[in-house]
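>
Residue numbers (this note's numbering): 1 to 405.
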């Protein structure tokens with residue numbers, strides 16, 4: 001059979017690259033179509049890539065930890081005796097260098113210039129570490145890598161020359177020592193990239209209100225046992241927030257929309273995302289069509305999504321389908337905060353801790369459980385008055401939550 005390329009598939013419209021976590025098969029291994037060949041980490045989920053055909057793994061062109069663009073070739077499958085033209089895959093534009101079979105690998109040189117602006121010097125991590133440990137100024141070394149990149153061999157050659165000539169090593173400038181370098185996971189890097197873009201490109205403003213949660217608490221107490229019997233979990237504040245926001249969004253479609261190429265796409269379905277904090281970063285699984293579901297159904301789906309988020313078992317569409325997001329830090333000692341929009345959505349609700357506060361009711365001061373909430377909206381799509389009416393309607397609904405049943 002013809003050699004078959006195994007590439008990085010496109011698993012979602014926001015996906016551009018994937019990080020290779022580990023290879024299940026090695027060069028020379030037999031593999032059946034459908035068997036997992038390697039595992040990748042996208043910005044949202046981990047995913048096992050299956051062999052598209054049966055055969056023998058003829059070559060693995062990447063290393064574990066490499067980030068490979070969508071469509072990039074990772075491995076080749078062919079017949080056992082088939083000769084594969086690896087040179088065809090080496091240095092393919094946009095994909096970096098490939099990994100030749102054992103014994104043929106060369107140090108990778110994938111940079112394009114030896115000296116960059118602001119005096120930066122391009123060098124491999126090993127060369128940079130060696131130079132730092134020996135106090136060598138990298139700018140004095142001539143690189144032999146692609147486009148002049150300095151490699152470990154260049155540092156060793158420099159040391160030999162200095163020793164032969166009896167010169168003193170010219171020390172480079174001193175910088176604060178780095179205690180630890182933490183490589184961002186794909187999820188962390190994507191969060192940084194997406195939120196930076198949201199903050200930079202989507203001018204959003206915040207509106208604030210406080211909500212009397214007395215009736216929400218009563219609703220939870222009065223329906224707790226029956227909903228637990230149906231859903232297998234207790235009704236949470238988040239469940240009521242999800243239902244309340246979904247119903248109010250029906251009245252304010254611009255808050256359930258997204259801006260694409262100067263066109264506002266109003267979305268028919270209302271999927272409420274709930275921000276879930278993980279060790280690796282923030283993830284926002286969404287309850288599908290929350291406005292059509294009963295509270296016990298939302299409670300059951302919310303519990304399932306959160307559980308699977310923490311186990312790393314969410315499916316990509318469960319993360320990308322959200323049309324509006326709720327971020328609740330009420331379980332912490334946080335009374336009030338604002339959030340950055342979760343692109344391409346136009347609204348996000350932030351909820352703080354419920355605290356007992358004195359408020360005026362009927363001319364008297366009484367103590368009530370109050371939650372501070374803020375609404376951030378994309379000002380390109382939603383104006384202040386629309387956002388204010390949405391927040392007002394949500395407050396009214398939560399203070400009379402039996403209308404949500």
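Just so you know, even glycine gets a beta-carbon here, dropped at the ideal spot from N, CA and C.
Note that the coordinates shown come from a computational prediction; the quantities given were computed from them, not determined experimentally.
Helix, strand or coil, according to DSSP, for residue 185 in the structure here?
In the chain shown, residue 185 corresponds to position 185, counting from 1. Reduced to three states, the DSSP call for residue 185 is coil.
> Under 8 Å Cβ to Cβ from residue 33, same chain only, skipping five residues before and after it: list those, please.
Taking the first residue of the chain shown as position 1, residue 33 is located at position 33. The answer, listed in chain order, is 50, 51, 52, 53, 54.
> Measure how close the beta-carbons of residue 124 and residue 149 come, nearest whole angstrom, since I'm counting them as under 8 Å.
Reading the chain shown from its first residue, position 124 is the one you call residue 124. Reading the chain shown from its first residue, position 149 is the one you call residue 149. Rounded, the Cβ-Cβ distance is 7 Å, consistent with contact.
> Using the rule of at least 16 other Cβ atoms within 10 Å of the residue's Cβ for burial, across every protein chain shown, is residue 409 buried or exposed?
No statement about residue 409 is possible, as the shown extent of the chain runs from 1 to 405 and does not include it.
> Given a threshold of 16 other Cβ atoms within 10 Å of its Cβ, counted over all protein chains shown, does residue 405 qualify as buried or as exposed?
The count along the chain shown starts at 1 and reaches residue 405 at position 405. Answer is exposed; the Cβ neighbour count stays below 16.
> With a CB to CB cut of under 6 Å and the five nearest residues on each side skipped, what residues in its chain are close to residue 95?
Your numbering for residue 95 matches position 95 in the chain shown. In this predicted model, residue 95 has a pLDDT of only 43, less than 50, meaning its place in the structure is not dependable; the value taken from the coordinates is given anyway. Closer than 6 Å at Cβ, skipping near neighbours: 72.
> Here's the rule I'm using: 16 or more other beta-carbon atoms within 10 Å means buried, otherwise exposed. How should residue 158 be labelled?
Looking up residue 158 in the chain shown gives position 158. Per the 10 Å Cβ criterion, buried.
> Looking only at C-alpha atoms, which of 352, 274, 398, 122 sits nearest to residue 334?
For the purposes of this step, residue 334 is taken as the residue at position 334 of the chain shown. When only C-alpha atoms are compared, the closest one is 352.
> Could you check the C-alpha separation between residue 279 and residue 250 for me, to the nearest Å?
For the purposes of this step, residue 279 is taken as the residue at position 279 of the chain shown. For the purposes of this step, residue 250 is taken as the residue at position 250 of the chain shown. If I take the Cα positions, the gap works out to 34 Å.
> With DSSP collapsed to three states, give me the class of residue 47.
As a position in the chain shown, residue 47 is number 47, starting the count at 1. Residue 47 falls in the strand class under three-state DSSP.
> Could you name the residues of the same chain whose beta carbon sits closer than 8 Å to that of residue 102, not counting the 5 residues immediately before and after it, in chain order?
In the chain shown, residue 102 corresponds to position 102, counting from 1. With a pLDDT of 40 at residue 102, under the threshold of 50, the modelled position of this residue cannot be trusted, and the question is left open.
> Could you check whether the stretch 320-329 touches the stretch 278-295, counting it as contact only if at least three pairs of C-beta atoms, one from each stretch, sit closer than 8 Å?
Verdict: yes, contact present.
> Do residue 272 and residue 348 come within 8 Å of each other at the CB atom, strictly closer than that value?
As a position in the chain shown, residue 348 is number 348, starting the count at 1. As a position in the chain shown, residue 272 is number 272, starting the count at 1. Result no, Cβ atoms of residue 348 and residue 272 do not sit closer than 8 Å.
> Strictly by DSSP, which residues pair up with residue 357?
Translated into the one-based positions of the chain shown, residue 357 becomes position 357. According to DSSP, residue 357 bridges with 368.
> Rank 361, 19, 63 by C-alpha distance to the C-alpha of residue 45 and give the top, closest one.
Numbered from its first residue, the chain shown carries residue 45 at position 45. The residue with the shortest Cα to Cα distance from residue 45 is 19.
> Mapping the DSSP letters down to three states, classify residue 68 as helix, strand or coil.
Taking the first residue of the chain shown as position 1, residue 68 is located at position 68. Of the three classes helix, strand and coil, the one that applies to residue 68 here is strand, per DSSP.
> Nearest-angstrom Cα distance between residue 245 and residue 293?
Position 245 of the chain shown, counted from the first residue, corresponds to residue 245. Position 293 of the chain shown, counted from the first residue, corresponds to residue 293. Using only the alpha carbons, I get a separation of about 12 Å.
> Is the separation between the beta-carbon of residue 386 and that of residue 257 shorter than 8 Å?
Numbered from 1 along the chain shown, position 386 holds the residue referred to as residue 386. Numbered from 1 along the chain shown, position 257 holds the residue referred to as residue 257. No, the Cβ-Cβ distance between residue 386 and residue 257 is not below 8 Å.
> Leaving aside the five residues before and after residue 151 along the sequence, list all residues of the same chain whose C-beta is less than 7 Å from its C-beta, in chain order.
Here the question's residue 151 lines up with position 151 in the chain shown. Excluding residues within five positions, the ones whose Cβ falls inside 7 Å are 107, 124, 127, 143, 144, 145.
> Going along the chain, which unbroken runs of the alpha helix (DSSP H) with 4 or more residues stay wholly within the stretch 381-405?
Those alpha helix (DSSP H) runs which fall completely within the stretch 381-405 and span 4+ residues are 384-399.
> Suppose contacts are defined by Cβ-Cβ distances below 8 Å. Is residue 186 in contact with residue 41 by that definition?
Taking the chain shown and counting its residues from 1, the one referred to as residue 186 is at position 186. Taking the chain shown and counting its residues from 1, the one referred to as residue 41 is at position 41. Their beta carbons are under 8 Å apart, which means residue 186 touches residue 41 by this criterion.
> Taking buried to mean at least 16 other C-beta atoms within 10 Å of its own C-beta, is residue 365 buried or exposed?
As a working note, residue 365 is residue 365 in the chain shown. When all chains shown are included, residue 365 counts as exposed.
> Taking C-beta to C-beta, are residue 463 and residue 390 nearer than 8 Å?
This structure cannot settle anything about residue 463, because the visible part of the chain is limited to 1 through 405.
> Secondary structure at residue 346, three-state DSSP: helix, strand or coil?
In the chain shown, counting from the first residue as 1, residue 346 sits at position 346. Coil at residue 346, not helix or strand.
> Assess, as a yes-or-no matter, whether the stretch 224-231 is touched by the stretch 292-307 under the definition of 3 or more beta carbon pairs within less than 8 Å.
With the cut-off at 8 Å, the stretch 292-307 and the stretch 224-231 touch.
> Taking just the CA atoms, how far does residue 77 sit from residue 305?
Counted from its first residue, the chain shown places residue 305 at position 305. Counted from its first residue, the chain shown places residue 77 at position 77. Answer to the nearest angstrom: the Cα atoms are 36 Å apart.
> Looking at residue 330 and residue 242, is the spacing between their C-beta atoms short of 8 Å?
Locating residue 242 in the chain shown gives position 242, counting from the first residue. Locating residue 330 in the chain shown gives position 330, counting from the first residue. Taking 8 Å as the Cβ cut-off, residue 242 and residue 330 do not qualify as a contacting pair.
> Quick check on the burial criterion: 16 or more other C-beta atoms within 10 angstroms. Buried or exposed for residue 80?
For the purposes of this step, residue 80 is taken as the residue at position 80 of the chain shown. With fewer than 16 Cβ atoms within 10 Å of its Cβ, residue 80 is classed as exposed.
> Rounded to whole angstroms, what's the CA-CA distance from residue 220 to residue 268? Just pull it up for me.
Within the chain shown, residue 220 is the residue found at index 220, counting from 1. Within the chain shown, residue 268 is the residue found at index 268, counting from 1. Their backbone Cα atoms lie some 30 Å apart in a straight line.
> With 16 other CB atoms within 10 Å as the buried threshold, where does residue 371 fall?
Counting from one through the chain shown, the residue named residue 371 turns up at place 371. Buried, since its Cβ has 16 or more Cβ neighbours within 10 Å.
> Give me, in chain order, the residues of the same chain whose beta-carbon lies closer than 6 Å to that of residue 374; leave out the 5 immediate sequence neighbours on both sides.
Here the question's residue 374 lines up with position 374 in the chain shown. Excluding residues within five positions, the ones whose Cβ falls inside 6 Å are 206, 208, 338, 350.
> Of the residues 16, 62, 22, 17, which one's Cα is nearest the Cα of residue 5?
The residue given as residue 5 occupies position 5 in the chain shown. That would be 62, whose Cα lies nearest to the Cα of residue 5.
> With a CB to CB cut of under 7 Å and the five nearest residues on each side skipped, what residues in its chain are close to residue 406?
Given a span of 1 to 405 for the chain in the structure shown, any question on residue 406 remains unanswerable.
> List, from N- to C-terminal side, the beta strand (DSSP E) runs of 3 residues or more that fit wholly inside the stretch 281-335.
Here the runs fully enclosed are 324-328.
> So, at 7 Å on beta carbons, what are the nonlocal neighbours of residue 22 in its own chain, with the 5 sequence-adjacent residues on each side left out?
Working through the chain shown from its first residue, we reach residue 22 at position 22. Counting only Cβ-Cβ distances below 7 Å, and skipping sequence neighbours, we find 38, 39, 64.
> Are the CB atoms of residue 70 and residue 31 nearer to each other than 8 Å?
On the chain shown, position 70 is the one that residue 70 refers to. On the chain shown, position 31 is the one that residue 31 refers to. No, they are not a contact pair.
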